[in-house]
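One structure below.
In my numbering, the protein residues as written are 384 to 490.
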């Protein structure tokens, strides 16, 4: 019975850490850029788009498609950084925890 109580206590602690991590990821921001910094996007570490910055030199009707591609590229870069932040956070949280193969945490 003692092992079960210890396991339940560990689960509660882990749940509290997960809630804290979720909040931290919502408040952590990463930035991606494309075109040598002409287009920048800012995301939360959970992937929510917060801002887009476009250099005025790009705002030309005939270059609309290029601008759209640069925005997509900057977003992908920021999303990759957000995924890295999330992976590092999860690694730090689950360092000593033995999770079964294939187990996925709710992020």
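All C-beta atoms, glycine included, are put in the ideal place defined by N, C-alpha and C.
Could you name each continuous beta strand (DSSP E) segment of 3 residues or more that falls completely within the region 385-456, going from the start of the chain to the end?
412-417, 422-427 and 432-437
What three-state label does DSSP hand residue 477 in the structure shown?
On the chain shown, residue 477 is found 94 positions in, with the first residue counted as 1. Coil, per DSSP.
Rounded to whole angstroms, what is the Cα-Cα separation between residue 423 and residue 388?
As a position in the chain shown, residue 423 is number 40, starting the count at 1. As a position in the chain shown, residue 388 is number 5, starting the count at 1. Roughly 50 Å between the two C-alpha positions.
Count the other CB atoms within 10 Å of the CB of residue 435; is the residue buried (16 or more) or exposed (fewer)?
Counting from one through the chain shown, the residue named residue 435 turns up at place 52. Exposed.
Going by C-alpha to C-alpha distance, which of 471, 464, 478 and 475 sits closest to residue 414?
Within the chain shown, numbered from 1, the residue matching residue 414 stands at position 31. If we check each option's Cα against that of residue 414, 464 comes out closest.
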